[in-house]
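Here's the structure we're looking at; comments come further down.
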Amino acid sequence: MASSCARAGSDRLLGRISLQKGLLGVGMGSLGSWGVAYPKSLRGVRGSCVMIPCTLSYPDDVEAGDGVVAIWYKDYQDQKLLVYHSEAQEVDAHFRDRAKLLGDPATGNCTLLLRGVTPEDSGPYRFRFEIVNGDRWSATEDVVLNDLERPSTAASEEQTEGQTATLECSTPYVCPLGDGYDPQVSMVAGRVQLDTSEVSHRLTLTTSFSWKDHSKKLLCEVSYGSRKATGEVVLWVRHAPKDTQVSVNPSAQNIRVGDTVSFTCEVSSSYPPISAYHWYKDGVAMGTEQILTLRDVRREDYGQYHCEVKNAVGAGVAPAVTLYIFCECQGSLPHLKGPLSGSCCSSPFTAASPTPPLISYAP
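Heads up: the sequence shown begins at 1 in the UniProt record's numbering, then just goes up one per residue.
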């Protein structure tokens with residue numbers, strides 16, 4: 001099977017981890033002394049299975065030719081329920097036919113598999129072994145079994161647009177193929193760590209992000225059937241300013257000589273934030289604020305205006321907007337030839353004229 005990482009909705013990305021196929025071997029304990037090793041805690045999912053990796057060791061001069069008896073207990077200090085015994089004697093009814101030893105104690109492997117996990121299985125477990133016709137040894141600490149928990153996610157604090165990034169999601173849960181593993185509801189991905197220090201299943205996602213992924217959530221989901229738990233990390237994608245535009249205020253009326261007009265430089269997205277603004281009129285620098293304000297405008301203010309913005313990643317340039325200046329014309333409007341230049345127009349008028357002046361505005 002393959003891993004999956006797909007977009008889920010407009011505000012999050014989703015990656016799924018489910019149960020691991022295959023089983024990694026557990027190495028033998030170091031011979032030479034009495035000892036038992038297994039993780040301090042494990043997680044399980046109701047209806048699935050739990051594997052407790054375990055190794056045992058005993059002195060080199062101990063003869064074990066007659067065999068090694070493996071014994072697992074639950075709640076050793078109190079109820080002392082018998083979970084597994086190599087000779088299958090008096091195993092508690094709750095664990096009968098559900099507990100199986102995966103390794104061979106004679107070779108130092110005491111790994112236990114518990115199928116059909118239920119909430120009642122939560123609690124401390126302890127291993128003990130006996131050399132047939134010889135000594136015996138019991139672990140001094142328990143491995144604690146708990147229920148499904150949220151997976152953990154790890155990523156660098158920031159990603160850069162277009163560059164490859166690696167994120168990791170892990171869950172302290174492993175169940176081998178054929179023992180509580182349902183391939184119809186599960187996907188295999190990443191790698192498994194299965195040893196006496198830790199049991200975990202890790203999914204590594206290597207990909208690149210765009211500025212549109214900025215501030216979205218990357219969700220990692222561990223699932224078994226209908227049971228799910230998720231962990232998340234917020235994506236911070238470094239990118240140059242995007243979709244730079246100039247807005248004009250007032251925008252719904254003609255700008256006349258003497259009016260005040262403001263230009264605002266706007267961007268759809270920028271991370272990190274904008275560090276510099278630059279305004280230009282017909283290519284000539286005008287200002288360095290986000291808002292450029294022209295008061296008491298004149299005919300000479302006619303022209304093309306645009307802004308440029310910068311952050312630590314790059315720059316964005318807005319398309320130019322043309323400012324037309326409308327001015328008062330008296331009398332009948334003359335016929336203008338050629339392109340509009342922003343100049344005012346006027347017509348002769350004297351106080352003795354019997355016709356009152358016609359006042360209008362033209363670019």
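Ideal Cβ placement from N, Cα and C applies to all residues, glycine included. Just so we're clear, the structure is a prediction, and the values are computed from it rather than from any experiment.
Which residue marks the beginning of the beta strand (DSSP E) containing residue i, and which one marks its end?
i, result
"residue 403", "With the chain covering only 1 through 363, there is no way to say anything about residue 403."
"G123", "123-131"
"L145", "143-146"
"P241", "237-242"
"G35", "35-37"
"Q253", "Note, Q253: premise wrong, no beta strand (DSSP E); not H, not E."
"R98", "Per DSSP, R98 belongs to no beta strand (DSSP E) and is neither H nor E."
"R43", "41-43"
"A70", "68-74"
"V248", "245-249"
Just verifying my parser: in three-state terms, what is the DSSP assignment at residue i?
i, result
"P53", "coil"
"P119", "helix"
"A88", "coil"
"A229", "strand"
"T107", "helix"
"K212", "helix"
"E308", "strand"
"S138", "strand"
"G159", "Reading the sequence as shown, one finds Gln at residue 159 and not Gly. It is a strand residue."
"G316", "strand"
"T288", "coil"
"S275", "coil"
"I325", "coil"
"V222", "strand"
"V26", "Low local confidence applies: a pLDDT of 39 at V26 is under 50, so the model's placement there is unreliable, with the coordinate-based value given in what follows. Coil."
"C175", "coil"
"S268", "coil"
"T260", "coil"
"K281", "strand"
"E63", "coil"
"T293", "strand"
"R202", "strand"
"S170", "strand"
"R12", "Since pLDDT at R12 reaches only 41, below the 50 mark, its modelled position is unreliable, and no value is offered."
"K80", "coil"
"S152", "strand"
Can you tell me the Cα-Cα spacing of residue i and residue j, whole angstroms?
i, j, result
"A362", "V309", "Its pLDDT being 48, under 50, A362 is placed unreliably in this model, and the coordinates cannot settle the point."
"A88", "S210", "59 Å"
"Y84", "L102", "11 Å"
"G287", "H278", "6 Å"
"G67", "A139", "19 Å"
"T264", "A285", "15 Å"
"H239", "T160", "6 Å"
"S33", "K217", "50 Å"
"T153", "V174", "17 Å"
"A229", "T206", "22 Å"
"T166", "S270", "22 Å"
"A318", "G283", "13 Å"
"I131", "V69", "6 Å"
"A351", "G258", "Low per-residue confidence applies at A351: pLDDT is 41, beneath 50, and the placement is therefore not dependable, though the value from the model is reported in the following sentence. So the two alpha carbons sit approximately 26 Å from each other."
"K74", "K242", "60 Å"
"G123", "D92", "15 Å"
"G108", "D78", "27 Å"
"G29", "G314", "Unreliable positioning characterises G29 in this predicted model, as indicated by a pLDDT of 42, which lies under 50. The coordinate reading is nonetheless provided below. So the alpha carbons of these two residues sit roughly 56 Å apart."
"C110", "F129", "9 Å"
"E289", "R295", "15 Å"
"R115", "L219", "29 Å"
"I325", "V234", "48 Å"
"P105", "L56", "7 Å"
"K281", "Q163", "36 Å"
"E90", "F127", "16 Å"
"H214", "V248", "28 Å"
"I255", "V267", "25 Å"
"L42", "P172", "7 Å"
"A64", "K100", "22 Å"
"E120", "G47", "12 Å"
With residue i and residue j assumed to form a contact (beta carbons below 8 Å), what rounded beta-carbon distance in angstroms separates them?
i, j, result
"residue 380", "V143", "Any question about residue 380 goes unanswered here, given that the chain covers just 1 to 363."
"A320", "Y305", "6 Å"
"G44", "L145", "6 Å"
"P273", "N311", "6 Å"
"G231", "C307", "That pair is no contact at about 41 Å."
"L113", "C49", "6 Å"
"Y76", "C54", "Not confirmed; about 14 Å, so no contact."
With three or more C-beta pairs closer than 8 Å as the rule, is the segment 221-241 touching the segment 288-300? no
Cβ pair count under 8 Å reaching 3, the segment 91-98 against the segment 130-143: With the rule of 3 Cβ pairs closer than 8 Å, the segment 91-98 does not count as touching the segment 130-143.
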